[in-house]
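The letter at position 104 of the sequence shown is residue 91 when you use our numbering, and the numbering goes up by one with no holes. Positions of the beta carbon are idealized from the N, C-alpha and C atoms, including for glycine. Data first, discussion second: the structure below is written as structure tokens.
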Amino acid sequence: MINTIGWVPFFPLLGFILLTLTRIPRRWVPLIGCGSIGISAILVFAITLTFLQSPPETGSIKVFYGIWMSIGNFTPTFSAYVDALTLIMLCIITGVGFLIHVYSAGYMAHDPGYARYFAYLNLFIAAMSVLVLADNLVLLFLGWEGVGLCSYLLIGFWYRDESNGAAARKAFIVTRIGDTAMTIGFLLIFMHFSTVDIQNIFIQLTQSPDKNQRLYEIIALLVLGGAVGKSAQLPLQTWLPDAMAGPTPVSALIHAATMVTAGVYLIARLHPIYLQAPVALQTVGWIGLITLLVAGFSALVQVDIKRILAYSTISQIGYMFLGLGVGAWSASIFHLMTHAFFKALLFLSAGTVIFCLHHKQNIFEMGGLRQRMPLTFICFAIGCSSLASLPYITSGFYSK
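Here it is as structure tokens:
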């Protein structure tokens, strides 16, 4: 069953190809867009159950699909590395992603770019799935840059509005700064270990843990640059509030299931390197601590409902970075999971309010909606309670 995990990114990718290259009748667009993610979600949940019922002795399984390229001793493969971290991330990506797709079917129903919208969403899920399944740095980088491309396309989805195009370009350029640092870090890893296979790198680390500590510090700090850019942490956090220019379901997808969680995943996946680089690990913690405070205070003075939630996301990702920085790897991923659900709930609830108020987003033009929108009120109350870690009855309380 686990050998079929390679199909998880295939179905969204197939949906993207169908929606992009064929003229599908409009009524079929949501069926293909949502159905492709739904199939992947069912497959992920089935594989997760199999993994939990009969876990492998080593705690992980590597599934080989073929060699990507072969240049001397540089032979990156198309292989999936499946462990608990991979499956947690895939459950979030496909599970929350599917719910956002279903919501989008109604929210974007009258938009002229309906098929294009679902094509971009499908590609987004496919790229993020490749990122978390990759067993080597080159395949991980392919998914990483695919996520960056999709965020650019979706943030600037309504590209005829000049401000939306500017927000998309800002997100693309700011994250490229971090990606440049990360690319240099990956090149240093290959030069030092002569491999891009992540598990082989870890094996070599355990064989000579005390050697080249300065190099490990440099590598870890460079990789942190990529994580900081993708997860919108100081000083590269400025793109995320402006990313609210895209449709509200896109904001939910970026904040809950895909892009901003990629940086947290990257550090968690490469944690053996950070264990050999204590200065870099402390830097992760300090960046998270400062970011969660600055972003929280910034949210207090916003009037746009989506920007408030955006700064909230930056703050919550700061909690995850703080957890990673002090070595609380499991706690950080636990908060990533709970945050994915309550932040998606908050953004989709905000989208309902915005839709019903004819796309007004100023909170001072809202109010008195509890009686007119009782279900949305309940959903918002649940999401806010989790965000604020209401004791004992919310997931946010336990993860924080």
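- Nearest to Glu352 by alpha-carbon distance, out of Val290, Gly53, Val125, Gly283, is Val290.
- By the Cβ test, the stretch 234 to 249 is not in contact with the stretch 170 to 182, since fewer than three Cβ pairs between them sit closer than 8 Å.
- The closest CA to that of Leu39, considering only Gly(-7), Leu6, Ile(-11), is found on Ile(-11).
- Sequence-distant Cβ neighbours of Thr381 in its own chain, meaning closer than 7 Å and more than five residues away, are Ser372, Ser373.
- If you compare the alpha carbons of Ala71, Tyr52, Leu8 with that of Phe32, the shortest gap goes to Ala71.
- Here the stretch 300 to 313 makes contact with the stretch 251 to 270; the two share three or more CB pairs at distances below 8 Å.
- With 16 or more neighbouring CB atoms inside 10 Å of its own CB, Asn109 falls in the buried class.
- Straight across, the Cα-Cα distance linking Tyr104 with Thr7 is about 10 Å.
- Distance from the CA of Leu77 to the CA of Leu208, rounded to the nearest whole angstrom, comes to 26 Å.
- In this structure, Tyr306 sits away from Leu280, with a CB-CB distance that is not shorter than 7 Å.
- When beta bridges are read from the DSSP output, Thr64 appears opposite Ile54.
- Here the alpha carbons of Leu333 and Tyr203 stand approximately 39 Å from one another.
- Membership of Ala230 in any alpha helix (DSSP H) is not indicated, and neither H nor E is assigned to it by DSSP.
- At the C-beta level, Leu221 and Ile292 stay beyond 7 Å of one another.
- Of the residues assessed, Asp148 falls on the exposed side of the cut-off, its CB having fewer than 16 other CB atoms within 10 angstroms.
- For Thr162, the closest alpha carbon among the candidates Ala219, Met115, Ile188, Asn187 is that of Ala219.
- DSSP places Lys49 in the strand class (E or B) of the three-state scheme.
- The three-state secondary structure of Asn123, taken from DSSP, is strand.
- Taking all protein chains shown into account, Gly370 has 16 or more neighbouring C-beta atoms within 10 Å of its C-beta and is therefore buried.
- Here DSSP, grouped into helix, strand and coil, assigns Val251 to helix.
- Looking at the backbone, the Cα of Tyr379 and that of Ala318 are separated by about 17 Å.
- For Ile380, there is no enclosing alpha helix (DSSP H), as DSSP marks it with neither H nor E.
- Cβ contact annotation for Tyr90 (same chain, cutoff 7 Å, sequence separation greater than five): Pro236, Leu335, in chain order.
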